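In my numbering, the protein residues as written are 47 to 227. We put the beta carbon where it would ideally sit given N, CA and C, even for glycine. Quantities reported herein were computed from a predicted structural model and do not represent experimental measurements. Worksheet: one structure, shown below.
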């Protein structure tokens with residue numbers, strides 16, 4: 047069930063779309079949470095945000111392991127060097143972002159003196175606050191979210207280019223079809 051240059055495995059496709067949709071939803075939800083005033087309702091929403099973040103982290107680690115085992119896919123078409131470089135940078139930012147965003151959220155939580163519960167199950171116990179950890183986690187989470195939004199937009203624009211300008215089958219391959227090379 048490995049990837050081939052002309053077709054991705056169901057595992058590759060599932061992990062890509064689960065994490066992509068999950069990250070987009072979490073970014074949107076996080077922006078919404080930033081605007082909410084402090085309240086019990088916001089606390090409940092934050093708990094959900096943290097729980098789904100932990101699940102995304104687990105899926106991201108699985109995806110990275112899977113990608114290392116399968117190798118990174120080769121592009122179906124070539125472009126100018128700057129586009130190929132930008133595409134590689136974008137993929138690396140997105141992949142590392144799926145790990146660093148949840149980890150920075152955990153750092154922010156633990157650094158703030160809170161424990162981490164995933165859907166009510168305590169995973170990290172409440173500890174004494176460590177301000178510097180909370181500040182580092184908060185900075186990475188805040189800057190990282192804006193950076194990820196930028197690179198998600200670039201990734202989507204790249205996919206649109208592949209579909210309508212290059213017409214190379216990149217999106218079809220990402221949706222499970224076998225493509226000619």
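Residues near residue i in its chain [Cβ-Cβ closer than 6 Å; skip 5 each side]
i           : result
residue 179 : 153, 157
residue 164 : 97, 100
DSSP state of residue i mapped onto helix, strand, coil
i           : result
residue 122 : coil
residue 175 : coil
residue 82  : coil
residue 162 : strand
residue 181 : helix
residue 135 : helix
residue 169 : strand
residue 53  : strand
residue 214 : coil
residue 99  : helix
residue 227 : coil
residue 221 : coil
residue 47  : coil
residue 117 : coil
Assigned exposure category for residue i - 16 Cβ within 10 Å defines buried
i           : result
residue 226 : exposed
residue 177 : exposed
residue 202 : exposed
residue 173 : exposed
residue 185 : exposed
residue 54  : buried
residue 205 : exposed
residue 89  : exposed
residue 215 : buried
Whole-angstrom C-beta distance between residue j and residue i, which should lie under 8 Å
i           : j           : result
residue 72  : residue 91  : Going by Cβ atoms, the distance from residue 72 to residue 91 rounds to 12 Å, so no, they are not a contact pair.
residue 162 : residue 155 : 5 Å
residue 151 : residue 183 : 7 Å
C-beta neighbour in chain D for residue i, strict 8 Å
i           : result
residue 208 : Of the protein chains in this structure there is only one, and it is not chain D.
Residues of its chain near residue i, where Cβ-Cβ distance is below 8 Å and the 5 sequence neighbours each way are ignored
i           : result
residue 56  : 47, 222
residue 193 : 139, 143
residue 124 : 130
Residues near residue i in its chain [Cβ-Cβ closer than 7 Å; skip 5 each side]
i           : result
residue 102 : 65, 68, 69, 72, 144, 148
**Q.** Three or more C-beta pairs below 8 Å linking the region 122 to 130 and the region 139 to 148
**A.** No contact exists between the region 122 to 130 and the region 139 to 148.
Q: State whether the region 74 to 88 contacts the region 102 to 122, with contact taken as three or more CB pairs (one from each stretch) at a distance under 8 Å.
A: no
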